[in-house]
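J.: Quick note on numbering: the sequence shown equals residues -20 to -1, 1 to 317 in mature numbering (1 follows the signal peptide of the UniProt record, and there is no 0). For every residue, glycine included, the Cβ atom is placed at its ideal position computed from N, Cα and C. Given the structure is predicted, the values throughout are model-derived calculations rather than measurements.
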Amino acid sequence: MKKLLLTALLGMALTTSVHAHSHPTPTYTPTKNAVPMQKTQVPGYYRVMVGDIEVTALYDGWGSMKKAMFANYSKFSESELEAILNHEFSPRTPNGGIEGAIIAFLINTGDNLILIDAGKGETQIPEFIEKGLLVTSLEAAGYKPEQIDIILPTHMHADHFGGVSKNGKMVFPNATIYLPIQEKAFWLDTPMAKVPDAAKPFVQWAREAAKPYQNKGRIKFYNAGDEVFPNVKSIPLFGHTLGHSGFEFDSKGEQLLVWGDLMHNHAIQMSHPEVAVEFDLNADSARQTRLTMLPKIAERKLLVAGAHLPFPGIGHIRAEKDGGYRWIPVEYRLIEK
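(1) Please confirm whether any heavy atom of the ligand HEM lies closer than 6 Å to the CB of K46.
(2) Look up E279 in the DSSP assignment and say whether it is helix, strand or coil.
(3) Could you give the distance in angstroms between the alpha-carbon of I87 and the alpha-carbon of T36?
(4) How many angstroms separate the CA atom of T(-6) from the CA atom of T7?
(5) What are the start and end residues of each continuous beta strand (DSSP E) run of 3 or more residues lying completely inside the stretch 5 to 85, in chain order?
(6) Contact between the stretch 242 to 258 and the stretch 107 to 127 is defined here as three or more beta-carbon pairs at a separation below 8 Å; is this criterion met?
(7) Thinking just about the alpha-carbon of each residue, which of Y158, I105, W307, Q104 is nearest to the one in M243?
(8) Which residues in the same chain as Y312 place their Cβ atom closer than 6 Å to its Cβ, once the five residues preceding and following it in sequence are excluded?
(9) For G205, which residues from the same chain have a beta carbon less than 7 Å from its beta carbon, with the 5 sequence-adjacent residues on both sides left out?
(10) So does the stretch 116 to 130 actually touch the stretch 168 to 188, counting three or more Cβ pairs closer than 8 Å?
(11) Just checking: is the beta-carbon of R280 within a distance shorter than 7 Å of some beta-carbon in chain D?
(12) So the candidates are I248, H140, H3; which of them puts its Cα closest to the Cα of K47?
(13) Which of the three DSSP states, helix, strand or coil, is assigned to A263?
(14) Exposed or buried, what is I315 when buried is set at 16 or more other beta-carbons lying within 10 Å of its beta-carbon?
(15) Contact check, F209 vs A81 under 8 Å by CB: the rounded distance?
(16) Distance check for I64 and L(-12), CA to CA, integer angstroms please.
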């Protein structure tokens, strides 16, 4: 009896193994109905309400980052970073780079229409999408460039500031740009002869983008940490650039922190916030800013919006028991009118 039972079990195991690896004859073969694939995505915007203000994430495109950009500023080898990325199913660009979204945020307070960052526009940045999609996303979201009256750049890197102008003209003709004096000091005031050679193209792009607004007196300055407007406070997040700043909005007891480039890849820097990136002007300062800010954000359960988080880039972070943080994105929800 035992021998018979063992034989039966072995037979079942072999049958299961065969079925697991073979390709059985399908039950049905449907008549072909070839329909062309669309291969287009939904418009690149998503909205949430924070109190009485409407927040719209605007997709501008993507950039490709090499693993070495992180490995050179961390204790991890490129192969170790690859394992971290694979653990989080992080997408890759066609050239095998780490894909990072570029996102701007439109804040409608009811009194003003505020654009935080403006995407890359047509600034040619190696291994980034050729042409930014921000204006396309903005119009799909029901707004027009001329309706924006305030632009709050988190900093003046080309993927955040290049889109304010096109061919020497203002893309947002009725807007005034507000910049921290700490950001102005490097990007607009430093004599080009004193700008490091590696940074000169980026500084030149920033100055060309700013010029149409400067010519019309449409750039104003504040000190990082100021309450720039009622219920809109700038948050110094220095390190990535000299004046890199976030913005905390408050409405009816609800808050949102738009944090710019506090991190560039959630898969790596959520679990290992000590990892810096090549784009940081001062890696040590950027690292310390991140290590200081993330515990506070998690403790407050603060809703955040990040320029390079997975689109729409809005959600919460949770401190993990074994160290690091977990990204909790918002879920799709309808907005009641």
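T.: A quick look at the data gives this:
(1) For the ligand HEM, the structure offers nothing, since it holds no ligand at all.
(2) Of the three classes helix, strand and coil, the one that applies to E279 here is helix, per DSSP.
(3) Straight-line Cα distance between these residues: approximately 7 Å.
(4) Confidence at T(-6) is low in this model, with a pLDDT of 49, below 50, so its placement is unreliable and the value that follows should be read with caution. The alpha-carbon atoms of T(-6) and T7 are separated by roughly 19 Å.
(5) Runs of the beta strand (DSSP E) inside the stretch 5 to 85: 25 to 30, 33 to 45.
(6) With the cut-off at 8 Å, the stretch 242 to 258 and the stretch 107 to 127 do not touch.
(7) Ranking Y158, I105, W307, Q104 by CA distance to the CA of M243 puts W307 first.
(8) Contacts found: none.
(9) Hits under 7 Å: S214, P216.
(10) No, because fewer than three Cβ pairs between the stretch 116 to 130 and the stretch 168 to 188 fall closer than 8 Å, the two stretches do not touch.
(11) This model lacks chain D altogether; it includes just one protein chain.
(12) When only C-alpha atoms are compared, the closest one is I248.
(13) In the structure shown, A263 sits in a helix (DSSP, three-state: H, G or I).
(14) It is exposed - the Cβ of I315 has fewer than 16 other Cβ atoms within 10 Å.
(15) With a Cβ gap of about 27 Å, F209 and A81 do not count as contacting.
(16) Annotation note: pLDDT 47 at L(-12) (below 50); position unreliable, coordinate value reported separately. Cα-Cα distance, rounded: 40 Å.
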